[in-house]
Amino acid sequence: MSGERQIYTVSQVNGYLKELLDRDGFLSGVFVRGEISNYKTYPSGHHYFSMKDEGGAIRCVMFRREASRLRFRPENGMKVIAFGRVAVFPRDGQYQLYCAELSPDGVGDLHVAFEQCKEKLYREGLFDPAHKKPMPRYPERIALVTSPVGAAVRDMLRILKARWPVAEVLLLPVRVQGAEAAREIAGAIRYASAHRLADILITGRGGGSMEDLWCFNDEGVARAIYDCTIPVISAVGHEPDVTIADFVADLRAATPSNAAELAVPDQSEVAAELAHRSERMTALLESRLDRGRRDLARLGACRSLRDPMVAIQDRRMLLDYQSRRLAHGLTGAMAGKREHFARLAATLDALSPLKVLGRGYSLARTEAGEILSSVDQVQEEDSFTLRLSDGTLDCRVEGKRRQ
Numbered sequence: 009m010s011g012e013r014q015i016y017t018v019s020q021v022n023g024y025l026k027e028l029l030d031r032d033g034f035l036s037g038v039f040v041r042g043e044i045s046n047y048k049t050y051p052s053g054h055h056y057f058s059m060k061d062e063g064g065a066i067r068c069v070m071f072r073r074e075a076s077r078l079r080f081r082p083e084n085g086m087k088v089i090a091f092g093r094v095a096v097f098p099r100d101g102q103y104q105l106y107c108a109e110l111s112p113d114g115v116g117d118l119h120v121a122f123e124q125c126k127e128k129l130y131r132e133g134l135f136d137p138a139h140k141k142p143m144p145r146y147p148e149r150i151a152l153v154t155s156p157v158g159a160a161v162r163d164m165l166r167i168l169k170a171r172w173p174v175a176e177v178l179l180l181p182v183r184v185q186g187a188e189a190a191r192e193i194a195g196a197i198r199y200a201s202a203h204r205l206a207d208i209l210i211t212g213r214g215g216g217s218m219e220d221l222w223c224f225n226d227e228g229v230a231r232a233i234y235d236c237t238i239p240v241i242s243a244v245g246h247e248p249d250v251t252i253a254d255f256v257a258d259l260r261a262a263t264p265s266n267a268a269e270l271a272v273p274d275q276s277e278v279a280a281e282l283a284h285r286s287e288r289m290t291a292l293l294e295s296r297l298d299r300g301r302r303d304l305a306r307l308g309a310c311r312s313l314r315d316p317m318v319a320i321q322d323r324r325m326l327l328d329y330q331s332r333r334l335a336h337g338l339t340g341a342m343a344g345k346r347e348h349f350a351r352l353a354a355t356l357d358a359l360s361p362l363k364v365l366g367r368g369y370s371l372a373r374t375e376a377g378e379i380l381s382s383v384d385q386v387q388e389e390d391s392f393t394l395r396l397s398d399g400t401l402d403c404r405v406e407g408k409r410r411q
């Protein structure tokens with residue numbers, strides 16, 4: 009019937025809108041500023057997120073190929089500027105921004121990537137001073153991980169030869185700029201560490217822009233430096249240039265030339281130090297010899313050394329003196345003991361029963377040997393002995409009377 013309305017399918021409408029937006033020149037390449045939210049990364053490598061401001065939001069997608077070129081890690085809440093095309097995804101009919109480029113708003117993506125990597129490695133402890141290895145004072149072998157061409161390597165070789173020519177220098181050539189530079193630098197460091205090629209390893213390059221030095225901000229290079237068993241000096245760019253490698257390395261040098269100066273001592277200074285030490289040792293030895301000579305002269309003047317018998321004679325005299333003292337002491341002690349003994353003997357003599365007997369008294373004992381002091385102890389016809397001063401009488405009891 010005429011006038012009947014045309015009916016379209018959902019897919020037809022979505023396809024029409026897609027073609028309409030695809031033909032719009034403005035939407036084919038547009039810059040959009042906003043804040044990231046709902047950021048997700050899928051196993052496929054595609055990144056899905058939204059960008060919003062105070063008035064609205066737009067869905068965004070960044071496919072794996074474009075996402076692989078990102079130098080920083082997008083995060084929720086980060087303000088960014090995205091470049092891409094706006095188109096409709098026919099399956100669900102929603103329009104979205106297909107991002108080809110993404111950069112932080114207000115600062116460069118390299119700066120954001122630097123700060124993100126720095127913060128991550130700091131939290132993991134790669135910058136911890138406790139992990140830093142000391143530099144050997146007199147290295148025998150030095151490995152240089154740098155470009156084989158350019159002023160940096162020539163300056164390092166010149167300074168190393170002038171300051172410490174006894175050291176062997178091993179050059180591990182790598183690229184220090186470009187997409188493959190970071191992988192080569194990390195590989196050379198790990199090779200040198202695994203085979204213990206040197207006592208000190210210097211890695212770096214001359215000055216340049218942040219993009220030129222970017223390989224030394226690579227996380228793989230930082231981890232290779234951290235894992236290296238050889239002390240590492242980072243020598244990247246000029247004094248103001250700071251890279252992640254500087255934070256991880258055991259020692260940071262302002263320039264490659266400065267790294268060579270820090271790696272080895274100056275032979276002239278070492279020679280001067282050796283000469284100074286030699287003079288000190290000579291002076292100390294001479295001083296010790298002088299003391300020895302004085303001691304020898306003093307001992308040579310000693311009488312006992314000139315005549316060894318002097319000491320024996322002195323000891324003999326001392327022995328005689330001690331003997332006289334001992335004899336005198338013993339004599340005095342014996343006299344005192346004799347006097348004491350005489351007093352005790354006199355006391356005992358005065359108390360002796362014999363003295364009593366000598367004055368006319370006598371001592372009677374029974375046959376059993378008991379002292380007879382009572383008439384009750386004997387009977388008539390009992391025998392007893394009578395002790396006098398000059399002998400003993402055998403007696404018999406004829407009778408007894410009690411007083």
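Just so you know, the sequence shown maps onto residues 9 to 411 in the numbering used here. For each residue, glycine too, the CB sits at the ideal point set by N, CA and C. As the structure is a computational prediction, the values presented were derived from the model and not from experiment.
In terms of residues, what are the limits of the alpha helix (DSSP H) holding residue i?
i: V266; result: A small correction: the amino acid at residue 266 is Asn; Val does not occupy that position in the sequence shown. 264 to 271 is the extent of the alpha helix (DSSP H) around N266.
i: I320; result: 317 to 359
i: E277; result: 275 to 308
i: R162; result: 159 to 171
i: G23; result: 18 to 30
i: V229; result: 227 to 235
i: S201; result: 189 to 202
i: R409; result: Taken as a continuous stretch (DSSP letters only), R409 belongs to no alpha helix (DSSP H), as it is neither H nor E.
i: E74; result: 72 to 75
In whole angstroms, what is the alpha-carbon distance linking residue i and residue j?
i: Y130; j: A190; result: 20 Å
i: R183; j: S155; result: 6 Å
i: V94; j: F80; result: 23 Å
i: M9; j: Y16; result: With a pLDDT of only 44 at M9, under 50, the local geometry of the prediction cannot be trusted, and the value read off the model is given with reservation. Going from the Cα of M9 to the Cα of Y16 covers about 17 Å.
i: Y369; j: L334; result: 50 Å
i: S19; j: K48; result: 28 Å
i: I233; j: P248; result: 21 Å
i: H119; j: V250; result: 12 Å
i: A372; j: E389; result: 15 Å
i: T355; j: F349; result: 10 Å
i: V272; j: K60; result: 56 Å
i: Q385; j: D398; result: 25 Å
i: A187; j: A280; result: 47 Å
i: S295; j: V278; result: 25 Å
i: R314; j: R306; result: 12 Å
i: E406; j: T400; result: 19 Å
i: R288; j: G300; result: 18 Å
i: S52; j: G101; result: 22 Å
i: D258; j: A138; result: 10 Å
Taking the continuous beta strand (DSSP E) assigned at residue i, which residues delimit it?
i: H55; result: 55 to 61
i: L394; result: 391 to 395
i: E109; result: 102 to 112
i: G212; result: 208 to 213
i: V174; result: No beta strand (DSSP E) holds V174; DSSP gives it neither H nor E.
i: A253; result: Counting along the chain, A253 falls outside any beta strand (DSSP E), though it belongs to the alpha helix (DSSP H) covering 252 to 256.
i: R430; result: A query on residue 430 cannot be resolved here, the shown segment of the chain reaching from 9 to 411 and no further.
i: S52; result: Where S52 is concerned, there is no enclosing beta strand (DSSP E), given that its DSSP letter is neither H nor E.
i: K87; result: 87 to 97
i: L401; result: 400 to 404
i: L152; result: 149 to 154
i: I241; result: 240 to 244
i: R79; result: That residue, R79, is in no beta strand (DSSP E); it is neither H nor E in DSSP.
Of all the options the options, which has the alpha carbon lying nearest to the alpha carbon of residue i?
i: K141; options: I238, R302, L327; result: I238
i: E83; options: I44, L359, A309, L396; result: I44
i: N266; options: T211, A175, D32, G23; result: T211
i: I197; options: V383, R231, S295; result: R231
i: R410; options: I150, R351, S381; result: S381
i: W222; options: T393, Q185, E74, L293; result: Q185
i: V240; options: R72, R260, E127; result: R260
i: Y146; options: E269, M164, R13; result: E269
i: R73; options: C107, G42, V157; result: C107
Using beta-carbon positions only, say whether residue i and residue j come within less than 8 Å of one another.
i: H54; j: V69; result: yes
i: N46; j: S58; result: yes
i: L78; j: G92; result: no
i: T263; j: H284; result: no
i: L180; j: A200; result: yes
i: A194; j: V229; result: yes
i: L25; j: V88; result: no
i: D226; j: S242; result: no
i: P98; j: G23; result: yes
i: I208; j: I150; result: yes
i: S391; j: E375; result: yes
Just checking: is the beta-carbon of residue i within a distance shorter than 8 Å of some beta-carbon in chain D?
i: R314; result: In the displayed structure, chain D is absent; only one protein chain is listed.
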